[in-house]
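Numbering (the working numbering), first residue to last: 40 to 233.
Step one of this worksheet: look at the structure below.
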């Protein structure tokens, strides 16, 4: 599963360029493939049958990917896409405490921290930004550009949560009423994460 998601790392600090579209640009094109290949694993993770994966740092990362990223592919366009966010956030926080993230490739660390970026919680957002700041600091200058971009996105997510306490962009899909301020914010087109 991790090989499918990450491919091969060309250097100790850079990711597989062939995976960029799946991660950031055209993820919907991979929804069916992810469902077919990993839907059973996802269901097992949701049902708590893969809890033993946290016994290794790579297993914890795989569980985070299943619950935070693959959920968004398998359930795109529905509230179920976000139903495992809190579980993924807890896995991330526990993994940070165990030092699991420090044992991963920097690109893997970016995805390890993403559940915190998805949190509708100010403290988790602050932890996300700190984690991404440390990641940038840990990477040699010549490889920092992509990681600085990740940090910028983390700060943008943090800003939205500091302003609204939630992501207004998710209100409709989660069946929440938007405030006038949120509607104005959405109309501005700034900070779109979906």
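Every residue gets a Cβ at the ideal spot worked out from N, C-alpha and C, and that includes glycine.
Subject >> Residue nearest to residue 218 in terms of C-alpha spacing, selected from 205, 230, 110 >> reply: Proximity to residue 218 across 205, 230, 110 peaks at 205, based on C-alpha coordinates.
Original post:
CB-CB under 7 Å to residue 171, same chain, minus the five flanking residues each way: which ones, in chain order?
Top reply: So the qualifying residues of the chain are 152, 189, 190, 193.
Original post:
residue 105 and residue 80: beta carbons closer than 8 Å?
Top reply: Note that the C-beta distance between residue 105 and residue 80 is below 8 Å.
Subject >> Residue from 228, 196, 174, 197 with nearest C-alpha to residue 186 >> reply: Here the closest residue by C-alpha is 174.
Subject >> contact_flag[the region 84-102, the region 137-157] where n(CB pairs < 8 Å) is 3 or more >> reply: A contact exists between the region 84-102 and the region 137-157.
Subject >> Residues sharing a beta bridge with residue 167, DSSP >> reply: Beta-bridge pairing links residue 167 to no other residue.
Subject >> Backbone CA spacing between residue 209 and residue 137 [nearest angstrom] >> reply: CA-CA distance, residue 209 to residue 137, rounds to 31 Å.
**OP:** Could you name each continuous alpha helix (DSSP H) segment of 4 residues or more that falls completely within the region 91-120, going from the start of the chain to the end?
**Re:** As far as the region 91-120 is concerned, its whole alpha helix (DSSP H) runs of at least 4 residues are 96-103, 110-113.
Original post:
On the three-state DSSP scale, how would you describe residue 50?
Top reply: DSSP places residue 50 in strand when its eight states are reduced to three.
Original post:
With residue 113 and residue 78 assumed to form a contact (beta carbons below 8 Å), what rounded beta-carbon distance in angstroms separates them?
Top reply: About 6 Å; that satisfies the 8 Å criterion.
**OP:** Look at residue 58 and residue 45 and say whether their C-beta atoms are less than 8 Å apart.
**Re:** Yes, they are a contact pair.
Subject >> Whether residue 154 touches residue 122 by CB criterion (8 Å) >> reply: For the 8 Å CB-CB criterion, residue 154 and residue 122 do not form a contact.
Subject >> Whole-angstrom distance between residue 82 and residue 70, CA atom to CA atom >> reply: So the two alpha carbons sit approximately 15 Å from each other.
Subject >> DSSP-derived helix/strand/coil call for residue 145 >> reply: Here residue 145 sits in helix by DSSP.
Subject >> Local Cβ density within 10 Å of residue 150, reported as buried at 16 or more and exposed below that >> reply: When all chains shown are included, residue 150 counts as buried.
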